Amino acid sequence: MSPTVRLQEMIRVIRSARTQGEERGVIQKECATIRAQFRQADNGGRSHNLAKLLYVHMLGYPAHFGQMECVRLIASPRYNEKRVGYLGAMMLLDENQDASLLITNSIKNDLSHSSPYVQSLALCTLACMGSSEMCRDLAPEIDRLLRNSSSYIKKKATLCAVHMVRKVPELGELFTPAARSLLAEKNHGVLHGAVILITELCERNTQTLVQFREVVPELVHIMRGLVTSGYSPEHTVAGISDPFLQVATNTDSSKTAGSAVLYETVLTVMDIKSESGLRVLAVNILGRFLLNNDRNIRYISMTSLQKIVITDHNAVQRHRGTIVDCLKDQDASLSLALVSSINIRSMMKELLLFLSTCPPELKSHAASGIFNAAESIALCSAGGDVRDETVPNLIQLITSASQLHCYTVHKLYRALVGDISQ
Amino acid sequence: MQFMLLFSRQGKLRLQKWYVPLSDKERKKISRDLVQTILARKPKMCSFLEWRDLKIVYKRYASLYFCCAVEDQDNELITLEIIHRYVELLDKYFGSVCELDIIFNFEKAYFILDEFLLGGRPRRRPRRMC
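Chains A and B are the protein sequences, given in the same order.
FYI, the numbering for the first sequence is 1 to 422, going by full-length UniProt numbering.
FYI, the numbering for the second sequence is 1 to 130, going by full-length UniProt numbering.
This is the structure:
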């Protein structure tokens with residue numbers, strides 16, 4: 001019987017176990033066989049034994065005795081053994097395990113291997129679980145690959161470099177020149193990786209940021225080229241206003257991918273110091289999202305609007321009506337929070353109506369939201385009359401909801417302490 | 001991305017990919033808690049939630065939940081797209097993929113995931129796969 005069938009056979013046997021105890025028994029027996037086979041000399045089924053062990057590990061059973069086998073398999077010349085060895089390394093070894101350092105030399109050799117698939121295995125593993133020492137040792141190799149290899153490898157090497165810079169920020173200086181030259185690549189995958197790398201480098205080091213500022217026109221040019229040629233631009237750029245206008249107006253938002261791109265544009269516009277026209281455009285996009293049928297899109301637009309309302313109050317006001325409509329939605333706790341932040345006086349009536357009709361678990365959220373809003377208005381001049389008209393209504397509603405009693409007493413006490421004249 | 005989990009409706013893990021170093025015990029605890037939280041959500045609720053200090057993006061495809069934990073500044077809609085692309089890749093490789101395919105060929109599911117996501121970041125979809 002070929003070893004792959006044995007792996008699947010084992011999975012079948014484990015799944016057919018009817019109780020937890022039976023499963024444990026089967027697995028213990030298998031692990032004992034696997035352990036014995038690991039100790040033997042090289043046999044044809046090594047990779048499959050490790051694969052079996054990884055399955056058992058995924059079910060939650062201990063598998064630390066497989067760590068050395070991973071190291072051995074990674075060093076093997078056979079591709080399928082290397083592959084399972086690297087998978088095992090990513091699953092069983094992390095930087096806290098001592099055995100992880102042992103694979104550094106194998107990774108180094110594999111990074112210079114003649115087959116790009118072997119190189120990619122090494123890059124992938126390094127990007128997933130490389131520790132700081134491993135990254136420091138192997139950084140020159142990655143730099144070499146960034147400059148001089150096929151685009152398939154360059155793509156992977158840039159992402160690996162991102163991981164390394166996160167682990168060891170000092171390596172940023174090493175990678176900066178290579179990152180700069182990668183922008184000249186035609187391959188979109190490599191460009192994408194290069195932009196991620198440059199973003200990471202700029203986040204770590206303000207000097208690098210200054211250096212890359214002069215690259216911005218080039219980036220804008222690339223982006224413009226992408227927009228006009230009809231590809232959907234998947235990378236974001238800390239650039240200037242014009243390309244965003246193009247992206248924002250030309251992207252079809254009927255599919256989720258388009259919406260994702262629009263949302264990324266909105267996030268970017270908000271992050272950089274855009275002029276007010278662009279910010280209004282961004283808020284309008286978010287307002288359009290609120291009308292979307294997809295619940296997820298409504299959720300993210302509300303979370304974003306919540307953050308934006310602090311700075312761009314007026315722009316968000318325009319969408320007040322839509323937001324209040326969202327209260328009718330089933331998952332309305334978020335829109336309630338948003339409503340409380342914007343001008344609440346005129347909406348008090350609608351809010352009270354909502355409070356009386358909403359499901360019980362939201363009542364406490366709603367009441368607290370309204371209280372918070374009323375309190376914040378009470379701080380400014382004419383807040384007193386707002387409180388006067390709402391208080392009797394609120395009291396009526398609250399007496400009917402017993403779990404709110406404790407909360408309301410608490411709040412009223414605090415309010416009284418603040419304003420004794422009431 | 002910090003990690004990706006695939007689990008069935010009964011809460012059994014079918015795939016777990018971790019991009020941050022955590023001990024086995026911590027991983028088990030996080031998986032268990034997160035799986036319980038997501039399974040308790042009603043079908044009409046949206047695909048994003050805030051859990052501990054992470055943003056979680058999840059989607060159910062037939063009997064499997066695909067769940068990713070992303071950092072605060074990541075775009076949730078793009079993460080949903082990443083999940084969808086991964087499902088498309090699996091579908092293309094296995095030909096109309098189902099949960100059993102992923103159970104019995106879990107190592108291939110991992111290989112495909114590793115070609116597609118490197119260190120938690122997506123690459124452009126590869127044309128050929130080894």
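All C-beta atoms, glycine included, are put in the ideal place defined by N, C-alpha and C.
Here the structure is a predicted model, which means the values were calculated and not measured.
Assign A/Asn296 to buried or exposed, taking buried as 16 or more other Cβ atoms, counted over all protein chains shown, within 10 Å of its Cβ. buried
What residues in the segment 156 to 183 of chain A bring their beta carbon closer than 7 Å to a beta carbon of chain B? Lys156, Leu159, Cys160, Val162 and His163
So if I threshold CB-CB distances at 7 Å, which residues from the segment 84 to 107 of chain A count as touching chain C? Of the chains in the structure shown, none is chain C; the protein chains are A and B.
Looking only at its chain, what residues have a beta carbon closer than 6 Å to the beta carbon of B/Ile83, apart from the 5 residues adjacent to it on each side? Lys59 and Phe66
N-terminal and C-terminal residue of the beta strand (DSSP E) that B/Met45 is part of: That residue, B/Met45, is in no beta strand (DSSP E); it is neither H nor E in DSSP.
Chain A beta carbons: is any one of them nearer than 8 Å to that of B/Tyr19? yes
Quick one: what does DSSP say A/Asp385 is sitting in, helix, strand or coil? Below a pLDDT of 50, predicted positions are generally treated as unreliable, and A/Asp385, at 46, falls in that range; the measurement from the model is reported next regardless. Here A/Asp385 sits in helix by DSSP.
Under 8 Å between C-beta atoms of A/Gly88 and A/Gly66: yes
In three-state DSSP terms, what is A/Pro177? helix
Which whole runs of the alpha helix (DSSP H) in the segment 14 to 46 of chain B are 4 residues long or more, in chain order? 24 to 39
Which same chain residues end up closer than 7 Å to A/Met90 when comparing Cβ atoms and leaving out the 5 residues on each side of it in sequence? Thr125, Cys128 and Met129
CB-CB under 7 Å to A/His113, same chain, minus the five flanking residues each way: which ones, in chain order? Gln119
For the candidate residues A/Glu22, A/Leu171 and A/Met223, whose alpha-carbon lies nearest to that of A/Thr208? A/Leu171
Given this structure, state the Cα-to-Cα distance separating B/Leu5 from B/Ile30, to the nearest angstrom. 11 Å
What first and last residue would you give for the beta strand (DSSP E) that runs through B/Ile56? Leu54 to Tyr61
Are the CB atoms of A/Gly287 and A/Thr265 nearer to each other than 8 Å? no
Taking a cut of 8 Å between CB atoms, which residues from the segment 41 to 62 of chain B lie near chain A? Lys44, Met45, Cys46, Ser47 and Phe48
Where B/Tyr65 sits in the DSSP three-state scheme: strand
B/Arg121, DSSP secondary structure in three states: strand
Exposure label - A/Arg83; buried when at least 16 CB within 10 Å: buried
Closest Cα partner of A/Ala122 within the set A/Val215, A/Gly85, A/Ile11 and A/Asp98: A/Gly85
On the premise that A/Val71 lies in contact with A/Ala63, defined as a C-beta separation below 8 Å, what is that separation, rounded to the nearest angstrom? At roughly 14 Å, the Cβ-Cβ gap does not stay under 8 Å, so A/Ala63 and A/Val71 are not in contact.
So A/Leu159 and B/Arg85 are supposed to be a Cβ contact under 8 Å. How far apart are they, rounded? With 8 Å as the limit, A/Leu159 and B/Arg85 do not qualify as a contact, their Cβ atoms being about 16 Å apart.
So B/Val70 and B/Met1 are supposed to be a Cβ contact under 8 Å. How far apart are they, rounded? 5 Å
If we count the other Cβ atoms within 10 Å of its Cβ and call it buried at 16 or more, is B/Leu118 buried or exposed? buried
Since B/Val57 contacts B/Leu80 with CB under 8 Å, what's their CB separation in whole angstroms? 6 Å
Between B/Ile38 and the rest of its own chain, which residues show a CB-CB distance below 7 Å, the 5 nearest in sequence each way excluded? Tyr58, Tyr65 and Cys67
Curious, which full-length alpha helix (DSSP H) runs of at least 4 residues does the segment 125 to 152 of chain A contain? 132 to 147
Given a threshold of 16 other Cβ atoms within 10 Å of its Cβ, counted over all protein chains shown, does A/Ser276 qualify as buried or as exposed? exposed
What are the boundary residues of the beta strand (DSSP E) that B/Phe7 is part of? Phe3 to Ser8
Could you check whether the Cβ of A/Glu9 sits closer than 8 Å to any Cβ belonging to chain B? no
Which ranges does the beta strand (DSSP E) cover as unbroken runs of at least 3 residues, wholly within the segment 272 to 308 of chain A, from first to last along the chain? none
Mind pulling the chain A residues with CB within less than 7 Å of B/Arg121? Leu159, Val162 and Ile196
Counting only beta-carbon separations shorter than 8 Å, does B/Gln10 have a partner in chain A? no
Residues of the segment 100 to 116 of chain B with a CB closer than 9 Å to any CB of chain A: list them in chain order, please. Ile103, Phe104, Asn105, Phe106, Glu107, Tyr110, Phe111, Asp114 and Glu115
For A/Glu218, collect the residues of the same chain with a Cβ closer than 7 Å to its Cβ; drop the 5 residues on either side in sequence, then sort them by chain order. Leu183
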